[in-house]
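Sequential numbering from 1 applies to the sequence shown in full-length UniProt numbering. Virtual Cβ for every residue (Gly too), placed ideally from N, Cα, C. Following: one structure in structure tokens, then a few remarks.
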Amino acid sequence: MAASAPTSASKSPYPQATLELRRYAGNPPHGGVLKDLLARDEFVADTLREEAETLPDIILTERQLGVHERSGLYQRCRQLKTRKRKTLEALSIVPGARIALRDPRDDEPLAILTVEDIYQPDQRTSATKSTHFTSAGKLQAIQAPTHFDYVALRYTPSELRSHFKKLAWRKVVAFQTRNPMHHRAHRELTVRAARQRHANVLIHPVVGLTKPGDVDAFTRVRVYQSIMEKYPNGMGCLALLPLAMRMAGPREAVWHAIIRKNFGATHFIVGRDHAGPGKNSQGKDFYGPYDAQELVTKYHDELQIEMVPFQQMSYIPSADEYQPADEIPKGVETLDISGTELRRRLKTGAPIPDWFSYDAVVKTLRESYPPRNKQGFVLFLTGLYNSGKDIIGKALQTTLNEQGGRSVTLLLGETVRQELSAELGFSKEDRHKNTQRIAFVAAELTRAGAGVIAAPIAPYEDSRQAARETVVSSGGAGGNFFLIHVATPLEYCEKKDRKGVDDPYEVPKKPDLTVDTSAQSIPEIVHSIVLLLETNGLL
């Protein structure tokens with residue numbers, strides 16, 4: 001969030017804190033003046049802090065937190081979506097109202113928003129299914145969010161510009177990424193772009209919310225630090241950007257260009273399908289591969305930052321070097337490893353060749369992708385009440401603990417109900433919530449390398465699928481999920497059921513394993529589940 005950039009004729013109420021263009025070498029900021037709300041409001045921060053304690057407040061989301069922190073780089077972005085749990089009426093959000101904005105981590109006041117407008121965004125235009133209202137207005141900054149990680153790599157736009165000035169960098173090629181720079185080609189691409197333009201390189205990765213399934217920020221930053229050591233001395237600089245990806249394709253590329261310009265970059269590398277969300281439900285890309293590059297080029301005169309197209313680099317084994325793919329003669333052998341193949345090699349422990357990546361980078365990545373027999377997993381047992389899930393879970397936990405190698409946690413249905421979901425009933429909505437709580441806990445445990453045996457009834461297919469997606473997307477290298485249908489017949493369950501089996505149960509469509517306590521002994525079932533884990537390399 002940030003207040004609108006003033007025109008050249010406007011006067012700041014805090015002239016001593018306004019950063020004039022001529023104070024900086026390199027590319028002027030977008031809009032003519034770099035707005036730093038923290039510097040502007042520094043002299044009234046204590047007064048604002050006291051006022052914030054008397055105002056209604058909104059706890060910012062992680063995405064909004066990044067927008068607030070980078071208020072000086074967006075220039076014209078100054079909007080806030082209210083949260084569902086706090087309605088407009090409850091907060092008295094009306095034009096003219098003042099609202100305190102708080103950090104979701106420590107509840108500290110970060111800013112005060114004076115509401116100027118309230119509207120409900122067009123759903124198609126904003127590409128969102130949210131029914132939230134949006135409040136827009138003027139921000140007064142109290143303090144920046146406190147970070148405890150990689151503090152030395154976090155710069156405000158004015159700080160990074162000052163850093164460039166100190167280094168006498170006048171041309172800076174900025175490289176945006178949300179992925180680890182695991183490929184030697186990334187280094188070759190950025191070095192080549194800088195040398196062609198007699199410039200230096202700013203590696204400027206986003207460390208806010210990214211796409212589900214992306215490598216975690218800590219691993220990515222360690223990879224960036226490792227690869228920076230491979231750049232020529234004095235050529236590159238690493239700075240982190242707390243920005244949430246919107247996956248908005250070409251328009252986001254323009255936005256990213258503006259941000260890098262505000263940080264002082266003169267050139268910006270725009271990749272193929274930059275910030276693209278991938279394929280839609282029909283398997284088609286949302287945007288063309290070069291739409292982002294074309295849109296940034298279209299607005300070059302207004303943006304005033306040079307777009308550098310991402311060149312596909314290929315490795316030539318005969319020359320032992322990388323060259324742009326479009327400059328390699330036909331018939332010359334080239335080598336590459338896809339992202340899918342890289343992830344497979346990391347998960348299975350297969351070798352990764354030196355020509356593809358650096359040893360230090362591979363070592364860092366492997367720490368986040370331990371060998372299969374050290375990765376976490378979830379065995380999700382589902383079936384009717386009294387189908388035998390609990391006894392299978394207990395016997396299986398004992399067997400796996402006997403083998404050793406990892407911690408194994410058992411989440412029985414009734415235990416979870418007592419400890420995590422005591423307030424929930426047995427409606428479909430409450431059952432779904434209960435299943436998702438189990439999935440959340442399981443994902444956290446598997447990410448740490450534990451084995452989890454969950455044994456809820458989980459009667460609904462959509463809830464079970466959502467649980468799988470939670471574990472796979474949030475469990476990191478431990479995102480190994482196996483749905484085991486305990487398909488004991490209803491009449492067999494009724495013989496043991498003193499309460500009555502009367503809730504609907506949707507039979508799983510594609511279980512990873514089906515067992516039946518009416519036809520198999522518990523040792524036989526446990527053995528079949530152990531074989532499932534062994535087949536997948538997890539034991």
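Residue Y299 holds the alpha-carbon nearest to the alpha-carbon of A253 among Y299, P329, L513 and I352. Around the beta carbon of T398, a 10 Å sphere encloses fewer than 16 other beta carbons of the protein chains shown; the residue is thus reported as exposed. With respect to A450, R406 sits close: the two C-beta atoms are nearer than 8 Å. Three or more pairs of CB atoms, one per stretch, sit closer than 8 Å, so the stretch 258 to 269 contacts the stretch 157 to 164. In this structure, D301 lies away from P289, with their beta-carbon atoms at least 8 Å apart. When DSSP reads this structure, V215 sits in no beta bridge, so it has no partner. Relative to the Cα of R98, the nearest Cα in the group R105, E108 and V115 belongs to V115. The alpha helix (DSSP H) runs lying completely inside the stretch 281 to 323 and spanning 4 residues or more are 291 to 298 and 300 to 303, given in chain order.
Per DSSP, T61 lies in no beta strand (DSSP E) and is assigned neither H nor E.
DSSP places G236 in no alpha helix (DSSP H) but in the uninterrupted beta strand (DSSP E) bounded by G236 to L238. Under the 8 Å Cβ criterion, the stretch 465 to 484 counts as touching the stretch 367 to 384, having at least three qualifying pairs.
Of all alpha-carbon atoms in E321, A136, Y150 and V530, the one lying nearest the alpha-carbon of N401 is that of V530. The Cβ atoms of I269 and Y358 lie no closer than 8 Å to each other. Here the stretch 188 to 198 makes no contact with the stretch 146 to 155; the two share fewer than three CB pairs at distances below 8 Å. Residues of the same chain with their beta carbon placed closer than 6 Å to that of A422 are lacking, with the five preceding and five following residues left out of the count. With a threshold of 16 other beta carbon atoms within 10 Å, S314 meets it and is buried. When DSSP states are grouped into helix, strand and coil, N233 belongs to the coil group.
When the beta-carbon positions are compared, W355 and L342 stay at least 8 Å from each other. Looking at P232, L113, D291 and G264, the one whose alpha-carbon comes closest to that of G249 is D291.
For T190, the secondary structure class from DSSP, reduced to helix, strand or coil, is helix.
Residue state for G339 is assigned as helix, using DSSP reduced to three classes. Counting C-beta pairs with one atom in each stretch, the stretch 98 to 113 and the stretch 53 to 69 have three or more that are closer than 8 Å, which means they touch. Nearest in C-alpha terms to M307, of all of T340, R344 and T266, is T266.
In the three-state DSSP reduction, K374 falls in the helix class (H, G or I).
Per DSSP, reduced to three states, the secondary structure at G137 is strand. Annotation: I93 to P353 spans about 58 Å, alpha carbon to alpha carbon.
As summarised for the stretch 481 to 529, the continuous alpha helix (DSSP H) elements at least 4 residues long and confined to that stretch are 490 to 496, given in chain order.
Boundaries for A45: no beta strand (DSSP E) harbours it, while the alpha helix (DSSP H) harbouring it runs A45 to A52, taken from the DSSP string.
Excluding five sequence positions before and after E506, the CB atoms of its chain that fall closer than 7 Å to its own CB belong to P459, Y460 and E461, given in chain order. In this structure G208 touches R63 by the C-beta definition: roughly 7 Å separates them, less than 8 Å. Cβ contact annotation for G137 (same chain, cutoff 6 Å, sequence separation greater than five): L113, T114, V115 and E116, in chain order. Rounded to the nearest angstrom, the Cβ distance from R161 to G264 is 4 Å, consistent with a contact under 8 Å.
For H267, the enclosing beta strand (DSSP E) begins and ends at H267 to V270. Rounded to the nearest whole angstrom, the CA to CA distance from G413 to A454 is 8 Å. Residue state for D430 is assigned as helix, using DSSP reduced to three classes. Here P508 is buried, its C-beta having at least 16 other C-beta atoms within 10 Å.
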